[in-house]
Amino acid sequence: MLLPEIKEREAQFKLAIRMGFPIFLLSSVLLFSLLSQYLDVIPSSFIIIVVGLFAVAVYFLFYLIYKGYDERITDPITHVFTREYGMALFKKEIQQEPTYTFILISIHNLHDINEQYGINNGDIVLYETAQWIGRFFEEKGVKNFPICVLKGGDYLIGLKGDKNRYKTMSLATDEFIRRFLIHVLPHGFHRIRHYGLFANGQRAENLVKARKLLGVKTPQDPNDNDDTDDTAAPDWLLCPACGATMRIIEIF
Numbered sequence: 018m019l020l021p022e023i024k025e026r027e028a029q030f031k032l033a034i035r036m037g038f039p040i041f042l043l044s045s046v047l048l049f050s051l052l053s054q055y056l057d058v059i060p061s062s063f064i065i066i067v068v069g070l071f072a073v074a075v076y077f078l079f080y081l082i083y084k085g086y087d088e089r090i091t092d093p094i095t096h097v098f099t100r101e102y103g104m105a106l107f108k109k110e111i112q113q114e115p116t117y118t119f120i121l122i123s124i125h126n127l128h129d130i131n132e133q134y135g136i137n138n139g140d141i142v143l144y145e146t147a148q149w150i151g152r153f154f155e156e157k158g159v160k161n162f163p164i165c166v167l168k169g170g171d172y173l174i175g176l177k178g179d180k181n182r183y184k185t186m187s188l189a190t191d192e193f194i195r196r197f198l199i200h201v202l203p204h205g206f207h208r209i210r211h212y213g214l215f216a217n218g219q220r221a222e223n224l225v226k227a228r229k230l231l232g233v234k235t236p237q238d239p240n241d242n243d244d245t246d247d248t249a250a251p252d253w254l255l256c257p258a259c260g261a262t263m264r265i266i267e268i269f
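Quick note on our numbering: the sequence shown kicks off at 18 and runs consecutively.
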């Protein structure tokens with residue numbers, strides 16, 4: 018269960034106590050008056066007091082019910098803190114701990130999800146995302162952390178900790194291997210470190226187009242040598258792995 022849900026239940030419990038106290042007080046006064054052995058006739062002043070207490074109790078009952086819906090601290094869709102409550106909470110945390118850390122998680126394609134699958138399914142995605150965030154951090158040993166929804170699919174998470182301190186962790190063998198294999202690509206895949214205009218698969222072609230559009234001549238490679246012999250390299254100079262010609266960079 019996420020921290021916002023726990024706080025919401027605590028707020029509802031406190032609200033129930035505040036709602037039940039006036040009724041309990043009124044019932045106690047009425048019970049006392051009925052069991053009283055010394056009052057054969059109820060005086061008018063007591064009746065006025067009872068009526069006044071009853072009116073006040075009814076007023077506070079409806080007022081607290083109204084404020085109970087108005088002062089909701091969790092979002093009804095995601096079940097995390099509302100933006101107003103989250104901002105107030107984070108402001109206090111920053112004042113107490115300057116090293117307080119924030120994490121922003123966004124669902125960038127939420128609009129497309131609502132358009133293609135409907136708003137109801139989009140709300141399910143928002144709720145499931147919040148639950149996934151809670152499970153992810155709990156698996157890492159972080160529990161009862163505040164999380165609020167800013168707008169749409171934006172979640173803001175607050176974490177306590179000292180950024181200047183590091184500690185040594187002891188991991189089980191399978192957990193260490195699991196974390197290591199996260200960075201290992203499956204067979205047949207390669208890591209793309211650049212994308213877009215200068216991606217490795219399109220770089221040469223795009224550079225030619227760019228120079229043509231800009232009217233810039235292709236620069237001459239200083240390593241190019243017109244006197245280069247075009248004869249085939251001997252077999253011992255070919256790389257056994259890729260078949261390319263190996264270059265001699267140093268002779269001992």
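Ideal Cβ positions, reconstructed from N, Cα and C, are used throughout, including at glycine.
For this session: In the DSSP assignment, find the beta strand (DSSP E) that holds residue 136 and state where it starts and stops.
Result: Unbroken run through residue 136 is the alpha helix (DSSP H), 136-156; no beta strand (DSSP E).
Exercise. Is residue 116 near residue 158, with beta carbons less than 8 Å apart?
Worked result: No; because the gap between Cβ atoms is not below 8 Å, this pair is not in contact.
For this session: Kindly indicate the opening and closing residues of the beta strand (DSSP E) around residue 173.
Result: In the DSSP assignment, residue 173 falls within the beta strand (DSSP E) that extends over 171-176.
Exercise. Quick one: Cα of residue 259 to Cα of residue 237, how far?
Worked result: Straight-line Cα distance between these residues: approximately 26 Å.
Exercise. Which residue from 229, 257 and 102 puts its Cα closest to that of residue 166?
Worked result: Nearest neighbour of residue 166 by Cα position, chosen from 229, 257 and 102, turns out to be 102.
For this session: Can you give me the Cβ contacts of residue 118 inside the same chain, cut-off strictly under 8 Å, excluding the 5 residues immediately before and after it?
Result: Contacts found: 175, 176, 177, 178 and 180.
Exercise. Would you report the Cα separation of residue 225 and residue 161, rounded to the nearest angstrom?
Worked result: Going by the C-alpha atoms only, they are around 55 Å apart.
Problem set entry | Range of the contiguous alpha helix (DSSP H) that encloses residue 167 | Careful: residue 167 lies outside any alpha helix (DSSP H) and carries neither H nor E.
Problem set entry | Check whether residue 74 and residue 124 have beta carbons under 8 Å apart | Taking 8 Å as the Cβ cut-off, residue 74 and residue 124 do not qualify as a contacting pair.
Exercise. Taking residue 126 as the reference, which of 146, 252 and 111 has the closest Cα?
Worked result: Among 146, 252 and 111, the Cα nearest to that of residue 126 is on 146.
Problem set entry | 6 Å CB neighbourhood of residue 120 in its chain, flanking five on each side removed | Within the same chain, residue 120 has close Cβ partners 174.
Problem set entry | Buried versus exposed call for residue 134 [16 or more other C-beta atoms within 10 Å across all chains shown] | Counting Cβ neighbours within 10 Å, residue 134 comes out exposed, since fewer than 16 surround it.
For this session: Measure the Cβ-Cβ separation of residue 138 and residue 130 and say whether it is below 8 Å.
Result: In this structure, residue 130 lies closer than 8 Å to residue 138 by Cβ.
Problem set entry | Contact set for residue 263: own chain, Cβ-Cβ below 6 Å, skip 5 residues either direction | Closer than 6 Å at the Cβ level, and outside the excluded window around residue 263, lie 254 and 256.
Exercise. When DSSP labels each residue in this structure, what does residue 40 get in the three-state scheme?
Worked result: Of the three classes helix, strand and coil, the one that applies to residue 40 here is helix, per DSSP.
For this session: Ignore the nearest five residues each way along the sequence and tell me which others in residue 154's own chain have a CB closer than 7 Å to its CB.
Result: Correct list, in chain order: 162.
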